[in-house]
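One point on numbering: in our numbering, the residue at position 145 of the sequence shown is 1397, and numbering is uninterrupted.
Don't be surprised by glycine CBs; every beta carbon is placed ideally from N, CA and C.
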Amino acid sequence: MYTLVIYLKKRSATVVAYLPTPNGRPLAAKVARSAAEDLIAGAAVRKRWRVGDAEAVSARVRGRALVRAVQLFGCHALDVAGLDEEIRRAYRQAEDLIRAAALRKGVPEEVVDSYIRAWLKADGGRLPPDDPDAKAVASGFPAAVVWAYGGYLVHSPPWC
């Protein structure tokens, strides 16, 4: 479970996320107010207060709300290994969001299901050399699953 602090203004909002990052600093993103309100609707609100002309909301996110928050910031700024296990647990709640993220990434439609199954089976990103899902993904979308050190390796998770 992670914390978001959202500062709502008239038409925009600033989302500050306390998610795992390589440098240990929180992330901030400016989004439309409607997108921020959608995040708040899926989160557990802890506290509300006013800061000047803005309303501030502190909320805990997990499950589907966590996947939506992660997609705001992108994987380049996040510690993917730190979030991967939490998002695996949230997979059933956010299956459609993860599938849509994989399609946006450029994964062919016929390979998406194999890609998600391979990601769910991966232990620390590694898959056995005889895994059928890994072979299907490696032949259909080689940037997602690569052959390394005698086995397949999930290069980037589908939610990224």
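Would you kindly work out how many angstroms separate the C-alpha atoms of residue i and residue j, rounded to a whole number?
i: ARG1314; j: VAL1267; result: 16 Å
i: ARG1341; j: LYS1357; result: 22 Å
i: VAL1363; j: THR1273; result: 29 Å
i: VAL1397; j: LEU1372; result: 13 Å
Looking at the strands, I want to know which residues DSSP matches up with residue i.
i: GLU1307; result: LEU1260, ARG1302
i: ARG1296; result: At residue 1296 the sequence reads Ala, which differs from the Arg that was named. Partner(s): ARG1312.
i: VAL1319; result: Answer by DSSP bridge pairing: none, since VAL1319 is not bridged.
i: THR1273; result: According to DSSP, THR1273 bridges with nothing at all.
i: TYR1422; result: As displayed, the chain neither begins before 1253 nor continues past 1412, which places residue 1422 out of reach and without an answer.
Note the first and the last residue of the continuous beta strand (DSSP E) segment covering residue i.
i: TYR1343; result: Where TYR1343 is concerned, there is no enclosing beta strand (DSSP E), given that its DSSP letter is neither H nor E.
i: TYR1404; result: 1403-1406
Which whole-angstrom value is the C-beta distance of residue i and residue j, which I expect to be below 8 Å?
i: VAL1332; j: PRO1409; result: 7 Å
i: PRO1360; j: GLY1392; result: 5 Å
Decide if residue i is buried, meaning its Cβ has at least 16 other Cβ atoms within 10 Å, or exposed.
i: ALA1346; result: buried
i: LEU1355; result: exposed
i: ASP1385; result: buried
i: ALA1280; result: exposed
Go to residue i, then tell me how far its alpha helix (DSSP H) extends in each direction, as first and last residue.
i: LEU1372; result: 1361-1373
i: ALA1386; result: 1384-1392
Check whether the Cβ of residue i lies closer than 6 Å to any heavy atom of the ligand NAD, and answer yes or no.
i: VAL1398; result: Among the components modelled here there is no ligand, and therefore nothing to report on the ligand NAD.
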